[in-house]
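Colleague:
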Amino acid sequence: MTRDDQGFTYVELAVVLSLLLLIIPVVLAVSLDLEQALKQLIAEQELRSEAEAFATDIQKDVQRGNHFRLSPEGWLLFDFPTGETLRYRHDRRRVIRSVKKPGHSAFRGTTVLLHNVYFISFHPHRGGVSIDLGMQNWHGDVEREFFIRGRLDE
1 MTRDDQGFTY
11 VELAVVLSLL
21 LLIIPVVLAV
31 SLDLEQALKQ
41 LIAEQELRSE
51 AEAFATDIQK
61 DVQRGNHFRL
71 SPEGWLLFDF
81 PTGETLRYRH
91 DRRRVIRSVK
101 KPGHSAFRGT
111 TVLLHNVYFI
121 SFHPHRGGVS
131 IDLGMQNWHG
141 DVEREFFIRG
151 RLDE
């Protein structure tokens, strides 16, 4: 028999197994870091998309409204020219929109506009509303600030 027909020696096998013991943890660590970064990127992109959709929804209402104010609880209140009063409130990590019709004493209906909200702060101004928004899910978090101009009365 020639050397080529004998196969691996124990020394060669030990060297290959030792190299595998060094390479496998490195590959697993790199792939774990890559997976975590990808999860965070996707989660933050989802939160940014939700925040943009919320900004568009509230923008439509704020641009029609006037007399922006805060309730004692810190909820945003404002009026439509039709006499309706809108309320945006933060409750159990959600932003909820409710409407009070003219002549009614209570707000009715709830529309959940946003989930995963850990912080929202409304700051009414004469010409609109500035909003500080913090959102968080299992893998990411996003903070946004934006200003929405209200209806201009002439």
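Note that UniProt numbering has the sequence shown beginning at 1, numbered continuously upward.
Using N, Cα and C, we set each Cβ at its ideal position, and we do this for glycine too.
Here the structure is a predicted model, which is why all the values come from computation and not from measurement.
1. What residues are listed by DSSP as bridge partners for V142?
2. Going by beta carbon distance, what residues of the same chain come within less than 6 Å of G83, once the five residues before and after it are set aside?
3. On the CB-based measure, 16 or more other CB atoms within 10 Å of its CB, does F54 come out buried or exposed?
4. Taking the beta carbon of Y88 as the centre, do at least 16 other beta carbons fall within 10 Å, making it buried, or is it exposed?
5. Closest by CA to E145, which one among R48, H90, Q63?
6. Looking at the strands, I want to know which residues DSSP matches up with Y10.
7. Give a yes or no on whether the C-beta atoms belonging to E12 and M135 are separated by under 8 Å.
8. Which of the three DSSP states, helix, strand or coil, is assigned to R126?
9. Rounded to whole angstroms, how far is the Cβ of L114 from the Cβ of R94, which I believe are closer than 8 Å?
10. Measure the CB-CB distance between I148 and Q59 and report whether it falls below 8 Å.
11. Could you check if I120 is buried or exposed, using at least 16 other CB atoms within 10 Å of its CB as the buried criterion?
12. Shortest alpha-carbon distance to V112 belongs to which of G127, H125, H90?
13. Taking V142 and V62 to be in contact with their CB atoms under 8 Å, please state how far apart those CB atoms are, rounded to whole angstroms.
14. What three-state label does DSSP hand K101 in the structure shown?
15. Could you check if G127 is buried or exposed, using at least 16 other CB atoms within 10 Å of its CB as the buried criterion?
16. By the three-class DSSP mapping on this structure, what secondary structure does T56 have?
Modeller: Considering the structure as presented:
1. M135
2. The residues are P102.
3. buried
4. buried
5. For the set R48, H90, Q63, the Cα lying nearest the Cα of E145 is the one of R48.
6. Beta-bridge pairing links Y10 to no other residue.
7. no
8. If DSSP states are grouped into helix, strand and coil, R126 belongs with coil.
9. Rounded to whole angstroms, the Cβ separation of L114 and R94 is 6 Å, and the two are in contact under 8 Å.
10. yes
11. By the 10 Å Cβ count, I120 comes out buried.
12. H90
13. Not quite, the Cβ-Cβ distance comes to about 21 Å (not below 8 Å), so this is no contact.
14. coil
15. So G127 ends up on the exposed side.
16. helix
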